[in-house]
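Heads up, the thing below is written out as structure tokens.
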Amino acid sequence: MTGEITPAFLDRLKVVLGDAGWSVDPARLQPKLIEWRRRWTGTTPFLALPKSAAEVAAVVRLCAQAGVPITPQGGNTGLVGGQIPQGEILLSTERLRAIRDLDGLDDVMVVEAGATLAATHEAALAAGRRFPLNLASEGSATIGGLISTNAGGTAVLRYGNMRDLVLGLEVVLPNGDLWNGLKRLRKDNTGYDLKQLIIGAEGTLGVVTAAALKLYPTLASRAVAFVGVASPREAAELLILAKAVAGGELEAFELIARLGVALAVRHLPGLREPLESLPPWYVLIEIANSRPRSADAVLEGLLARALENDIILDGVLAQNDTQGRAFWAIREGQSAAQLPEGPAWKHDISVPLSRVPDFIAQASRDLQVRFPGVRIDAFGHMGDGNIHFDVLAPIGGDLDRHSAARDDGARLVHDLVTAMQGSISAEHGLGIMKTDEAESLKSPIEIAALRAIRASLDPHRVMNPRVLF
Ligand SMILES: Cc1cc2nc3c(=O)[nH]c(=O)nc-3n(C[C@H](O)[C@H](O)[C@H](O)COP(=O)(O)OP(=O)(O)OC[C@H]3O[C@@H](n4cnc5c(N)ncnc54)[C@H](O)[C@@H]3O)c2cc1C
66 MTGEITPAFL DRLKVVLGDA GWSVDPARLQ PKLIEWRRRW TGTTPFLALP KSAAEVAAVV
126 RLCAQAGVPI TPQGGNTGLV GGQIPQGEIL LSTERLRAIR DLDGLDDVMV VEAGATLAAT
186 HEAALAAGRR FPLNLASEGS ATIGGLISTN AGGTAVLRYG NMRDLVLGLE VVLPNGDLWN
246 GLKRLRKDNT GYDLKQLIIG AEGTLGVVTA AALKLYPTLA SRAVAFVGVA SPREAAELLI
306 LAKAVAGGEL EAFELIARLG VALAVRHLPG LREPLESLPP WYVLIEIANS RPRSADAVLE
366 GLLARALEND IILDGVLAQN DTQGRAFWAI REGQSAAQLP EGPAWKHDIS VPLSRVPDFI
426 AQASRDLQVR FPGVRIDAFG HMGDGNIHFD VLAPIGGDLD RHSAARDDGA RLVHDLVTAM
486 QGSISAEHGL GIMKTDEAES LKSPIEIAAL RAIRASLDPH RVMNPRVLF
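Under our numbering, the first residue of the sequence shown carries the number 66, and numbering increases by one thereafter.
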């Protein structure tokens with residue numbers, strides 16, 4: 066049942082939301098209807114801007130009763146198009162931004178869904194604690210969006226992804242019921258875990274309105290280094306050594322190809338080559354702990370052993386916070402640095418850690434045979450086996466032709482990922498970009514079970530109907 070969105074229905078939503086709680090103004094809607102890379106654009110007859118969980122519940126209930134579909138949206142930084150409506154009601158969480166509570170003994174903060182990750186970091190730091198999810202979109206990405214995509218980022222190696230960082234949720238279910246699951250327990254072994262189903266559901270099982278998040282101690286000491294390695298195989302050896310030397314203090318381990326560093330230096334203001342030797346591959350390593358001034362010594366010791374054992378070619382330790390931030394800007398600017406080079410085929414893949422070097426080598430070889438001259442910009446969370454394996458057009462190549470070959474390139478890359486027991490979406494989700502492909506790769510038994518769960522909560526498929534199974 067898909068209900069018609071009539072003027073009378075919209076009037077009922079307006080009454081629930083009040084004058085400041087909705088818009089149909091094209092200028093107000095426009096930035097919410099376009100994905101930041103301009104890959105997807107959308108339409109909506111109505112933007113709902115609820116200011117409380119109760120208002121979200123009232124909107125969802127009306128939509129469920131009328132069979133009218135809804136697309137939830139947070140910061141619109143999602144990379145697979147799930148937040149861009151195609152005619153549905155657009156429900157934005159931008160007015161749900163409060164930090165409701167922060168408890169130092171429980172080590173928990175309760176945050177509303179529309180709060181940005183940056184605002185969440187700030188609030189935790191102001192209370193002498195830390196929320197350890199880090200990613201480049203932190204200024205816009207919201208807690209609700211990060212939960213709904215089970216976001217990862219650069220510190221998953223140490224703290225896990227959103228599934229590991231959420232203790233409780235408040236959610237408006239697809240029928241409009243408001244579920245208060247804002248528990249703050251570290252142990253709660255009482256059967257099925259509804260919150261874990263909703264994390265990563267990409268808005269299909271309800272609207273997240275608030276979350277109880279785990280906090281960690283602040284870091285007293287951090288050390289960052291950029292090192293050069295001959296290939297991803299040496300990077301894997303370095304990872305083994307780093308885990309042995311730094312143990313639980315290894316905060317990040319990011320791989321970047323020479324092309325990625327060169328593009329960042331060429332296209333992003335204020336960045337410089339980190340290593341004059343221009344090695345073929347780089348690793349950005351961060352060690353962090355709660356003891357003043359000890360991270361530098363751990364990282365220096367690691368680099369010395371890696372040099373002695375011929376694992377790394379070269380390396381530079383950041384001398385201060387400014388240099389450390391400049392190193393991170395190279396890593397975090399990877400997607401932005403690709404933009405002036407034209408369209409990129411983006412692959413957000415994971416394979417078992419032990420297969421990462423083989424994957425990069427074989428996928429690069431196969432792509433060169435099939436699409437001669439393409440430029441491979443592989444970078445990402447090597448410590449998690451998650452590589453952003455991006456493919457740019459040949460220098461001087463026809464950009465339209467490159468765009469047109471995107472699906473053929475993806476098939477080649479994803480076939481190899483599948484053969485290596487990997488995942489075609491390591492951290493960005495499926496959205497409208499990868500739902501069909503993921504469905505063809507999962508077992509029919511799993512798909513049937515997932516459909517049954519969704520149908521039981523949302524029989525009329527009103528929540529984000531084009532996304533997931
Ligand atoms: C420069 C850049 C770097 C990035 N780096 C990383 C990275 O390292 N790791 C990573 O994992 N991701 C990364 N991302 C992806 C992105 O930031 C995440 O997908 C983010 O989690 C989405 O949050 P959002 O608030 O922007 O959600 P949106 O983009 O608005 O929505 C994303 C999905 O969540 C749903 N949704 C949003 N809010 C809610 C809610 N309250 N309730 C229910 N459903 C909701 C939407 O319907 C949609 O399906 C990056 C993105 C950019 C632009």
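Glycine residues also receive a C-beta, built at the ideal position from the N, C-alpha and C atoms. Since this is a predicted model, take the numbers as computed values, not measurements.
Asked: Tell me the residue span of the beta strand (DSSP E) that contains residue 136.; Found: 135 to 138
Asked: When you measure from the CB of residue 314 to every non-hydrogen atom of ligand 3, does any distance come out below 7 Å?; Found: No copy of ligand 3 appears in this structure; the ligands present are ligand 1.
Asked: Could you pull out every residue in the same chain whose Cβ sits closer than 7 Å to the Cβ of residue 78, ignoring the five residues on either side in sequence?; Found: 87, 111, 113, 124 and 127
Asked: Where do the N-terminal and C-terminal ends of the alpha helix (DSSP H) with residue 186 fall, by residue?; Found: 182 to 191
Asked: Please classify residue 151: does DSSP put it in a helix, a strand, or coil?; Found: strand
Asked: Figure out for me which residue from 321, 82, 108 and 102 has the closest Cα to the Cα of residue 92.; Found: 108
Asked: Find out if the Cβ-Cβ distance for the pair residue 134, residue 268 is shorter than 8 Å.; Found: no
Asked: For a test of the three-state rule: what should DSSP assign to residue 164, helix, strand or coil?; Found: strand
Asked: Roughly how many angstroms lie between the CA atoms of residue 142 and residue 511, to the nearest whole one?; Found: 29 Å
Asked: Take residue 222 as the anchor and find which of 436, 199, 254 and 359 has the nearest alpha-carbon.; Found: 199
Asked: Beta carbon of residue 493: closer than 7 Å to some heavy atom of ligand 1?; Found: yes
Asked: On the DSSP bridge assignment, give the partners of residue 207 in chain order.; Found: 181
Asked: Near residue 462, what residues of its chain come up, given a Cβ to Cβ distance below 7 Å and the 5 sequence neighbours on each side ignored?; Found: 438
Asked: What's the C-alpha gap between residue 525 and residue 432?; Found: 43 Å
Asked: For residue 503, which residues in the same chain have their Cβ closer than 6 Å to its Cβ, ignoring the five residues on either side in sequence?; Found: 495
Asked: Would you call the region 190 to 198 in contact with the region 289 to 297, where contact means no fewer than 3 C-beta pairs closer than 8 Å?; Found: no
Asked: Assuming residue 181 and residue 218 are in contact, meaning their beta carbons sit under 8 Å apart, how far apart are those beta carbons, in whole angstroms?; Found: Incorrect: roughly 14 Å between the Cβ atoms, too far for contact.
Asked: Quick one: does the C-beta of residue 207 sit closer than 7 Å to a heavy atom of ligand 1?; Found: yes
Asked: For the region 513 to 527 against the region 257 to 271, are there 3 or more C-beta pairs whose distance is under 8 Å?; Found: yes
Asked: Consider the C-beta atom of residue 106 and the heavy atoms of ligand 1; say whether any pair is separated by less than 7 Å.; Found: no
Asked: Which value, in whole angstroms, describes the spacing of the CA atoms of residue 341 and residue 314?; Found: 28 Å
Asked: Could you have a look at residue 224 and say whether DSSP puts it in helix, strand or coil?; Found: helix
Asked: Spatial neighbours of residue 148 within its chain, please: CB distance less than 6 Å, with the 5 preceding and 5 following residues excluded, ordered by chain position.; Found: 138 and 141
Asked: Ends of the beta strand (DSSP E) at residue 274?; Found: 272 to 279
Asked: Determine the direct distance from the alpha carbon of residue 482 to that of residue 449, and round the result to whole angstroms.; Found: 15 Å
Asked: Helix, strand or coil for residue 447? Go by DSSP, reduced to three states.; Found: helix
Asked: Return the chain-ordered ranges of every beta strand (DSSP E) run that is complete within the region 281 to 328 and spans a minimum of 3 residues.; Found: 286 to 294 and 315 to 322
Asked: Run through DSSP, which three-state label would residue 21 get?; Found: Because the chain in this structure spans residues 66 to 534, residue 21 falls outside the shown range and cannot be described.
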